[in-house]
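Per UniProt numbering, residue 1 is the first one in the sequence shown, and the count goes up by one each step.
The beta carbon of each residue, even a glycine, is placed where N, CA and C say it ideally should be.
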Amino acid sequence: MNRTPRLAAAATASTLTLALALTGCGRSDEAGTTADSASSISDGPATGTVEVWAMGTEGELLPELAEQFEADNPDVTVNVTPVPWESSTEKINTAIATGEVPDVMQVGTTLMSGFVGLDGLAPTPEDIDSSAFFPGAWETTEVDGTSYGVPWYVESRVLYYRTDLAEEAGVEAPEDWAGLTDFAAGLQDAGAEHGIALQTRGNSTALMYFPFYWQAGGEILDDAGEFTLDNDAQVKALEYYSSFMRDGLAPPVLVEEEKVQNFVDGKLGSFVSGPWERANLLTTAGDDFADKFGVVPLPADETTASFIGGSNLAVLADAANPDSAWKFVQFATDPAVQVDWFGISNDLPAVQSSWEDPALADDEAVAMYQGVLETARSTPAIPTWSEIEHELDLIIEQTIAGDLTPEEAAAKMQEAATSIGTGLD
C-alpha cells in the first residue's frame, strides 16, 4: 500500500480537548446500548441498510468488500462513506454529539478511548471470540475492562535496512541492542551518511520510542492502573535511544519527507517503520529495488516488543441497524475474508488464523510480521492518552537534544502522566 504514516496513529491534544468538551452532549441513557448490556448478534442474514464510515485508503477500497457482504445477504445494502483521516476525529465527535451517526465506523487503535469517553461506541457482543485476534490488537479495543470494537487490520514497526550495505560492511541483521548499534555503525562505514533513522520530534516520537521501553522491561501502567514511568527501564531505554543521535549514527533531527529517498540513494542505511513502507520504496525506486533491502523484527533487550497499530471496526451506540452492523463486522473479520481484504488493500489481518493462508505464509516479507505481531503492544486505551503522549513527545525530544538527562526525563514523564491522570473513574 502506498501511503504516508497514518495520521490516526495518535490524536493531538487539541482533538482530545474537543472530545472531552463534547462529553455528556451525546445520546441519552435511553438511546443505544450501555456498557452493561452488550447485545447478542441474531441468527440469520443481515437486512436493511448499514451505513459505514471508513478512513483514507480503506474508505476508497471497502466498497469492493461490501459487495461480497451484499451478495451473501441479499436483503442488505451497505453504504460506505470515505472520510479523510485529517478530518475524521472532528467529524465523528460531531456525529456522536448530535446522534447522527453511521452504524459502523473504522477507528484508529489509539483513538478508541476518546470515542468511548463520549459514550459513542457500543460494547462488543460476546458472540465475537477475542482469542481469534492477536492479543495486542484486542487490547486496543478495551477501555476500562470493556471491549468496544473488533480489530480489523494491524500494523507493526520493524527494521528496514539496505542489504547491499550490510553485505559490504560484513554485518548481520541485529538481534539485540548491542547488535543494532554495531549494525548502524557498520552501515555507516559502508558509505551511508547515517546508519539508522529514528523519530526525533513531532507527534509520533513516543510511538517510535516506546518499543524500546517495553524491550527494556518497562510498563506504562501497573496492574492497579497507576503510571510506572520513572524506573530503571525508562532510564536505560532513553539513554539507548538518544545514543544513536548523540553518537552521530542517526540524524539529530529526522526529516520524514526525506527518509525514503535517502534510503533509496544509500545515504541512510536503515530505519524503523511499518508494512506500508515497502510500497513507498518500490514506488520511489522501482520494483528492482526489492533486492536491495530487507526487513527484520526490532532487536530485543530484556524481551521482544514492537508497537501494534492499525484500525478497529466499531458499532455506534446510536446505530440505527446495530444487528446488521455487527454482522458486517463479523464478516469483515472472518479469517477467509481477512485474506481477501489483504489481497485488496495489503492490510495485514488481525485474525491470527488468516496467517496460515499461502497468500501470507508463502511471502517471506509478509510472514515475518506474524511473529512481530504476536508480542506487539499498544499504548494504554485511556481517554487522556493523546494528551499524555504529547507531553512525553516533548520530554523525549528534550532528552535527545541533551537538555534533560535520562534520569530527569523519566521523573518528568511520571510527573506529567500522573498530573494528567487516566481519565477513568
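Run through DSSP, which three-state label would Arg201 get?
coil
Would you list, in sequence order, the uninterrupted alpha helix (DSSP H) runs of no fewer than 4 residues that lie entirely inside the region 146–186?
163–169
Consult DSSP for Asn280 and reduce its assignment to one of helix, strand or coil.
helix
Which of the three DSSP states, helix, strand or coil, is assigned to Val52?
strand
Select from Asp119, Ser273, Ala367 the residue whose C-alpha is nearest the C-alpha of Glu256.
Ser273
What residues are listed by DSSP as bridge partners for Arg377?
Phe307
Can you list, in chain order, the residues of its chain whose CB lies under 6 Å from that of Tyr241, leaving out five sequence neighbours each side?
Tyr209, Phe212
Please identify the residue among Glu193, Asp232, Leu229 whose C-alpha is closest to the C-alpha of Phe271.
Glu193
Quick check on Thr77: does DSSP put it in helix, strand or coil?
strand
Alpha carbon to alpha carbon, how far is Leu180 from Asp301? Give it in angstroms, no decimals.
11 Å
In angstroms with no decimal places, state the Cα-to-Cα distance between Phe307 and Ser156.
5 Å
Can you pull the DSSP bridge partners for His194?
Leu268
Does Ala361 pass the burial test, meaning 16 or more other C-beta atoms within 10 Å, or should it be called exposed?
exposed
How do the region 246–261 and the region 218–235 stand: do at least 3 beta-carbon pairs fall below 8 Å, yes or no?
no
Go to Gln234, then tell me how far its alpha helix (DSSP H) extends in each direction, as first and last residue.
232–246
For a minimum of 3 consecutive residues, which ranges assigned as the beta strand (DSSP E) are wholly contained in the region 63–109?
76–83, 104–108
Residue environment, Glu397, which counts as buried when at least 16 other CB atoms sit within 10 Å:
buried
Identity of the residue in Gly117, Val107, Lys327 nearest Asp144 by Cα:
Gly117
Pick helix, strand or coil for Glu389, following the three-state DSSP scheme.
helix
Quick check on Glu389: buried or exposed, where buried means 16 or more other Cβ atoms within 10 Å of its Cβ?
buried
Taking the beta carbon of Pro380 as the centre, do at least 16 other beta carbons fall within 10 Å, making it buried, or is it exposed?
buried
Look at the alpha carbon of Ala122 and the alpha carbon of Thr141, and state the distance between them as a whole number of angstroms.
11 Å
Look at the Cβ atom of Gln106, then the Cβ atom of Leu229, and state whether they are nearer than 7 Å.
no
Locate the alpha helix (DSSP H) running through Phe227, then write down its first and last residues.
Run containing Phe227: none; DSSP gives neither H nor E here.
I think Asn321 touches Val50, with their Cβ atoms under 8 Å apart; what is that distance to the nearest whole Å?
6 Å
Three-state secondary structure (DSSP) of residue 438:
The question about residue 438 has no answer, for the chain in this structure spans 1 to 425.
Report all residues from its chain with a CB closer than 7 Å to the CB of Val235; omit the five preceding and five following residues, and keep chain order.
Pro406, Glu407, Ala410
On a CA-only basis, which of Gly136, Asn262, Ser88, Gln330 is nearest Gly114? Give me that one, please.
Ser88
For Ala367, which residues of its own chain have a beta-carbon under 8 Å away from its beta-carbon, when the five flanking residues on both sides are left out?
Trp355, Leu360, Ala361
Given 8 Å as the limit, is there contact between the region 125–141 and the region 151–169, that is, 3 or more CB pairs closer than that?
yes
Between the CA atoms of Ala325 and Ala417 - distance to the nearest angstrom
36 Å
Can the beta-carbon of Val76 be found less than 7 Å from the beta-carbon of Thr47?
yes
Quick check on Phe134: does DSSP put it in helix, strand or coil?
coil
Can you give me the C-alpha to C-alpha distance between Lys327 and Ile344, rounded to a whole angstrom?
21 Å
To which residues does DSSP link Val351 through a beta bridge?
Phe133
For Leu348 versus Tyr369, is the C-beta spacing smaller than 7 Å?
yes
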